[in-house]
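**Student:** In this note's numbering, the protein residues as written are -15 to 131.
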Ligand code: HEC
């Protein structure tokens, strides 16, 4: 009885692996000049805590390939890159950049990096002080005074 159940579960899990989505391949040549330019400490934080979803430099964990987790992980990377790709910064117009700076100031305290991601990535956690530093940097680029 147990054996049948175990086999059944295993079989379902195996079948699930057929369901995969792919994040689009990064371009062959990534132009380093297009990457966002920020002071070194900011760059270090962005790379450590944001680049997995907001750049082409996604370091995929092993479970990132195991369905159904992979469906979730890959869609985050896909949507994350679509929202902001720090390596495509040079291609963004002013309006888009402003929107992102505002978005960073708005999301850095709670929404970004995504809490689910942080629960699996101890090293991507930011202290309150680090969040404040990022927020200050983002705000310093926002043009409207009324922010
Ligand atoms: C696990 C993946 C993941 C990580 C890590 C991550 N993001 Fe995101 N980010 C997303 C996804 C997915 C979206 C698009 C959906 C949404 O807005 O929630 C997004 C959207 C955004 C947006 C636009 C949202 C808005 O409302 O303007 C900003 C700005 C942003 N992220 C900044 C950051 C910053 C800064 C970091 C690092 C400190 C970070 N993200 C880390 C996945 C991620």
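Heads up, the beta-carbon is just placed ideally off N, CA and C, and yes, glycines get one too.
So, with DSSP's three-state summary, where would you put residue 21?
**Tutor:** Residue 21 falls in the coil class under three-state DSSP.
**Student:** Quick check: what's the CA-CA separation for residue 55 versus residue 22?
**Tutor:** Using only the alpha carbons, I get a separation of about 32 Å.
**Student:** For residue 83, decide whether its Cβ has a neighbour in chain B, counting only Cβ atoms nearer than 7 Å.
**Tutor:** The structure shown has no chain B; it contains just one protein chain.
**Student:** Could you check the C-alpha separation between residue 99 and residue 37 for me, to the nearest Å?
**Tutor:** Rounded to whole angstroms, residue 99 to residue 37 spans 13 Å at the Cα level.
**Student:** So residue 148 and residue 121 are supposed to be a Cβ contact under 8 Å. How far apart are they, rounded?
**Tutor:** Outside the modelled stretch of the chain, which goes from -15 to 131, sits residue 148, for which no answer is possible.
**Student:** Apart from the five residues just before and just after residue 50, which ones in its own chain have a Cβ nearer than 6 Å to its Cβ?
**Tutor:** Closer than 6 Å at the Cβ level, and outside the excluded window around residue 50, lies no residue.
**Student:** Between 45, 128 and 112, which lies nearest to residue 86 when the distance is taken from Cα to Cα?
**Tutor:** Comparing Cα positions, the closest option is 128.
**Student:** Can you give me the Cβ contacts of residue 0 inside the same chain, cut-off strictly under 7 Å, excluding the 5 residues immediately before and after it?
**Tutor:** Closer than 7 Å at the Cβ level, and outside the excluded window around residue 0, lie 51 and 52.
**Student:** How is the alpha helix (DSSP H) around residue -8 delimited, first residue to last?
**Tutor:** From DSSP, the alpha helix (DSSP H) with residue -8 extends over -14 to 0.
**Student:** Within 8 Å, do at least three Cβ pairs link the region -14 to 2 to the region 71 to 84?
**Tutor:** The region 71 to 84 vs the region -14 to 2: no contact.
**Student:** Quick check: the Cα distance between residue 34 and residue 108, rounded to an integer number of angstroms?
**Tutor:** Near 8 Å, if we compare the C-alpha coordinates of residue 108 and residue 34.
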